[in-house]
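K.L.:
My questions all concern the structure below.
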Amino acid sequence: MLQLFSKKSIAMNILIPNIIFSLLIFNAKCSPPQDPINCTYQAFNCTIKNTYGTFPDRTICRAAEVVYPSTEDELISIVANARMLKRKMKVATRTSHSIPKLVCPDGENGLIISTKYLNRTINVDQSSLTMSVESGVTLRELISNAATAELALPYAPYWWGVTVSGLLGTGAHGSTLWGLGSSVHDYVVQLRIVTPAGADEGYAKVRVLGSNDPELNAAKVSLGVLGIISRVTLKLQPMFKRSITFLEKNDSNFEDQATIFGKQHEFADCSWYPSQRKVIYRIDDRVATDALGNGLNDFIGFRPTSSLVLAAERSAEESQESMNDANGKCIDAAATSSVLQMSAYGYTNDGILFRGYPVVGYHNRLQSSGSCLNGIEDALITVCPWDPRVNGLFFHQTAFTIGFSEVKNFIEDVKNLVNLVPQALCGIDIYNGILMRYVTASSAYLGKQEGAIDFDITYYKSKDPNKPRLYEDILEEIEQMAMFKYGGLPHWGKNRNVAFIGVINKYGNANEFLRVKEIYDPDGLFSSEWTDQILGLKDGISIFKKGCALEGLCICSEDIHCAPEMGYFCRPGRIYKDARVCTRLST
Ligand SMILES: *[C@@H]1O[C@H](CO)[C@@H](O)[C@H](O)[C@H]1NC(C)=O
Ligand SMILES: *[C@@H]1O[C@H](CO)[C@@H](O)[C@H](O)[C@H]1NC(C)=O
Ligand SMILES: *[C@@H]1O[C@H](CO)[C@@H](O)[C@H](O)[C@H]1NC(C)=O
Ligand SMILES: *[C@@H]1O[C@H](CO)[C@@H](O)[C@H](O)[C@H]1NC(C)=O
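Residue numbers (mature numbering (1 follows the signal peptide of the UniProt record, and there is no 0)): -30 to -1, 1 to 557.
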């Protein structure tokens, strides 16, 4: 998630010290992300966005009202009131990181219930190794409060700006094949959720779900359609230390190595740079707590970043796009990844300097990061790199898991595409390549169905929805190949519409989920058009219109879904012949 500081016109030896210097001096303060909710009249007549400032269909999401409960009792009376009025509701977080429209209530009279003030840690129990938090606590607070009691959440997303209920609701995860698995939701031992109810029960009730309750399998990954989680209890571990080394290798035998590697190291992951034909392997294991080291992860892509640097990068990328300058992208890709590699991605051995691998330190200092959330307003001098208030990163994110049995074939297909069109994937290398994390089967009905590798691909998005991207066709082919040829499961909180076509049929227990939804919220007050569509209750995931395939709103079936006037036509894929992609035909 990074596209920084690479300018082919500047010699690398000048560039690198400057960058590192600028990272150090900008570290102190940063404008935190904007509140995603904006109301014209107090808490009424509101719009809500995600943190990137735009949804896949680029529409604006409206709500009649927003409320900010700070206790479970308030939550109950809010839900009861709305239920009585049969009013549509949606849960929103302070941070709003989901790319699809999970947060948008339907209709004119929608109510947003924010978890912003449900942000207390209720208790941390060292003897039972559990921690109870309210649903709006961020991952960062969770990690930090657990660490104070010398406890650790073993596997978690790498970006700590997400909230507990948001990350549970969308099935967010870390990377491991160990323990109870990679997903945070598989560490939930109790969950309290407020749902609508009948008049006899006062129109709302709290349901308390324990580990042995089958309904927990619905509630722990719920897309927000069952009700609103008020409190979560997680099973933790005693604090431990890790030792991390990043190792670069070529990708010659990566199709075989990819699955093997995950079984060798507890916190393994890989970053694959297909156009550079290289892989960065994360060799990452637990070590004894007396191992020396106080390492820190302050990932460069999540640091406060100069908005001037971001704007320069964005304009370089835009001009490469408009001039079809694939070569320029490839040069930038190589430069960016080597700068990152030399600066150890932001890891240090002691919180200040990187002196070499391994980086050894306490888990809570290494597992996640996000220093661009810190600090005080500085009038947008530095921001999180994707902050929509500045002209910075603007991207699509395609993220999916592919079962171990298919990973080898998928990687080979991608490699074959790169062999056919060597420069096609330089664009993703600028955004740190393809991040691959190991995930495990989950008992959650909408959780991972089998052991798999999660592939995260971030790539350029045009500000103009009608403008095609460079090598549009190759990423569309990979997207369709992943979802339809290999049955990939799209991440619920990322992706473009096409990734969700037929998604619910990929879940063996979808009917169990829908049965619980029918019990908890029979009127569908927490559902919306989008959640009905992804749950297979309503048509319309694909939006057919001029240029729809460019934005991933449809799979093209006619040229007009691409951009024929700019030379992009709807054609079959190169390797996956069933794909239909927008291909630039040179004349
Ligand atoms: C809210 O929206 C108004 C009107 O679009 C805009 O002027 C204002 O800056 C926004 N405020 C915030 C905090 O986003
Ligand atoms: C509601 O908000 C929209 C913009 O978000 C604005 O155009 C409209 O005038 C507002 N309506 C009222 C009644 O404030
Ligand atoms: C909860 O969030 C509010 C608003 O962001 C903040 O003022 C308060 O300090 C937070 N409380 C805790 C316990 O983090
Ligand atoms: C890739 O690396 C291996 C050693 O790890 C080496 O044997 C092989 O020749 C390399 N392949 C290419 C194409 O450089």
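All C-beta atoms, glycine included, are put in the ideal place defined by N, C-alpha and C. What you are looking at is a predicted structure, and each value in this text was computed from that prediction instead of being measured.
Alpha carbons only, please: which of Ile530, Pro534, Asp529 and Ile511 is nearest the one belonging to Leu523?
P.N.:
Checked all of Ile530, Pro534, Asp529 and Ile511; the closest Cα to Leu523 is Ile511.
K.L.:
Heavy atom of ligand 4 less than 7 Å from the Cβ of Lys385, yes or no?
P.N.:
No; taking the cut-off as 7 Å, the Cβ of Lys385 has no heavy atom of ligand 4 nearer than that.
K.L.:
Can you give the Cα-Cα distance for Ala119 and Phe210, rounded to whole angstroms?
P.N.:
Using only the alpha carbons, I get a separation of about 12 Å.
K.L.:
Output needed for Arg550: all residues of its chain with C-beta closer than 7 Å, excluding positions within five of it in sequence on either side, in chain order.
P.N.:
Closer than 7 Å at Cβ, skipping near neighbours: Ile525, Cys526, Ser527, Cys540 and Pro542.
K.L.:
Residues in its own chain within less than 6 Å of Val107 by CB, not counting five upstream and five downstream?
P.N.:
Correct list, in chain order: Asn89 and Val134.
K.L.:
Three or more beta-carbon pairs under 8 Å between the region 497 to 514 and the region 462 to 473, yes or no?
P.N.:
As far as the Cβ criterion goes, the region 497 to 514 touches the region 462 to 473, which means the pair count is three or higher.
K.L.:
Within the same chain, show all residues whose beta-carbon is closer than 8 Å to that of Asn93, passing over the 5 residues directly before and after it, in chain order.
P.N.:
So the qualifying residues of the chain are Met101 and Ser102.
K.L.:
Bridge partners for Cys540 per DSSP, in chain order?
P.N.:
According to DSSP, Cys540 bridges with Cys552.
K.L.:
To the nearest angstrom, how far is it from the Cα of Gly136 to the Cα of Ser66?
P.N.:
So the two alpha carbons sit approximately 8 Å from each other.
K.L.:
In the DSSP output, what is Phe272 paired with across the bridge?
P.N.:
According to DSSP, Phe272 bridges with nothing at all.
K.L.:
Whole angstroms is fine: what's the gap from Tyr538's alpha carbon to Tyr441's?
P.N.:
Cα to Cα, Tyr538 sits roughly 10 Å from Tyr441.
K.L.:
Assuming Trp462 and Thr140 make a contact with CB atoms under 8 Å, what is their CB distance in whole Å?
P.N.:
That belief holds up - the Cβ atoms of Trp462 and Thr140 are roughly 4 Å apart, short of 8 Å.
K.L.:
Using three-state DSSP, classify Asn264 as helix, strand or coil.
P.N.:
Residue state, collapsed to three classes: coil.
K.L.:
From Asn51 to Pro166, what does the alpha carbon distance come to, in whole angstroms?
P.N.:
Their Cα atoms are separated by approximately 9 Å.
K.L.:
Buried or exposed: Arg359, going by 16 or more other Cβ atoms within 10 Å of its Cβ?
P.N.:
Flag for Arg359 reads exposed.
K.L.:
According to DSSP, which residues form a beta bridge with Met312?
P.N.:
Met312 pairs with nothing; no bridge assigned.
K.L.:
Measure the C-alpha to C-alpha separation of Tyr38 and Ala304 and round it to an integer number of angstroms.
P.N.:
When rounded, the distance between both Cα atoms is 46 Å.
K.L.:
Would you grab the beta carbon distance between Ala116 and Leu206 for me? Rounded to a whole angstrom, and I think it's under 8 Å.
P.N.:
Ala116 to Leu206, Cβ: 6 Å. Contact.
K.L.:
Work out the CA separation of Arg32 and Val138 for me, nearest whole Å.
P.N.:
Here residue 138 turns out to be Leu, not Val, going by the sequence shown. Distance between the alpha carbons of Leu138 and Arg32: 24 Å.
K.L.:
Report yes if the C-beta distance between residue 567 and Asp254 is below 8 Å; otherwise report no.
P.N.:
The displayed coordinates of the chain run from -30 to 557. Any statement about residue 567 would go beyond what the structure contains.
K.L.:
Between which two residues does the alpha helix (DSSP H) carrying Trp148 extend?
P.N.:
Segment: none, Trp148 is in no alpha helix (DSSP H) and carries neither H nor E.
K.L.:
Specify which residues have a beta carbon nearer than 6 Å to any heavy atom of ligand 4, listing them in chain order.
P.N.:
Checking every Cβ against the heavy atoms of ligand 4 under 6 Å gives Lys219, Asn220 and Ser222.
K.L.:
Is the Cβ-Cβ distance between Lys56 and Asp491 less than 8 Å?
P.N.:
Taking 8 Å as the Cβ cut-off, Lys56 and Asp491 do not qualify as a contacting pair.
K.L.:
Give me, in chain order, the residues of the same chain whose beta-carbon lies closer than 6 Å to that of Gln160; leave out the 5 immediate sequence neighbours on both sides.
P.N.:
Within the same chain, Gln160 has close Cβ partners Gly180 and Thr203.
K.L.:
Spell out whether any CB of chain C is found under 8 Å from the CB atom of Trp462.
P.N.:
The question asks about chain C, but that chain is absent: this structure has only one protein chain.
K.L.:
What would DSSP say about Phe(-10), mapped onto helix, strand or coil?
P.N.:
Unreliable placement is indicated for Phe(-10), whose pLDDT of 43 sits below 50; the coordinate value is still reported in the next sentence. In this structure, Phe(-10) counts as helix in the three-state DSSP scheme.
K.L.:
What are the complete beta strand (DSSP E) segments, minimum 3 residues, inside the region 367 to 447?
P.N.:
If we require 3 residues or more, the beta strand (DSSP E) runs fully inside the region 367 to 447 come out as 404 to 409 and 422 to 430.
K.L.:
Trp242 and Met406 look like a contact to me (Cβ under 8 Å); what is the Cβ gap, rounded to whole Å?
P.N.:
6 Å between Cβ atoms; contact.
K.L.:
Can Tyr38 be considered in contact with ligand 3, in the sense that its beta carbon sits closer than 7 Å to one or more heavy atoms?
P.N.:
No - ligand 3 has no heavy atom lying nearer than 7 Å to the Cβ of Tyr38.
K.L.:
Using only the alpha-carbon positions, how far apart do Asp426 and Gly144 sit?
P.N.:
Those two C-alpha atoms are separated by around 12 Å.
K.L.:
For Ser313, which of Ser105, Gly321, Ser277 and Ile270 has the nearest alpha-carbon?
P.N.:
If we check each option's Cα against that of Ser313, Ile270 comes out closest.
K.L.:
Go ahead and pull the three-state DSSP assignment for Ala238.
P.N.:
Of the three classes helix, strand and coil, the one that applies to Ala238 here is coil, per DSSP.
K.L.:
Using the three-state DSSP reduction, which class does Ala142 fall into: helix, strand or coil?
P.N.:
DSSP places Ala142 in coil when its eight states are reduced to three.
K.L.:
Among all the DSSP beta bridges, which residues are the ones paired with residue 600?
P.N.:
Examination of residue 600 is not possible in this model, given that the chain is present from -30 through 557 alone.
K.L.:
Short of 7 Å in beta carbon distance, which residues of its chain neighbour Thr371, apart from the five on each side in sequence? Order them along the chain.
P.N.:
Val409, Lys418, Ala422, Ile423, Asp424, Gly458 and Leu459.
K.L.:
I'd like the list of long-range same chain contacts for Met(-19), defined as Cβ closer than 7 Å, with 5 residues on each side in sequence excluded.
P.N.:
Reliability of the predicted coordinates at Met(-19) is poor, the pLDDT of 36 falling under 50, and no value is obtained from them.
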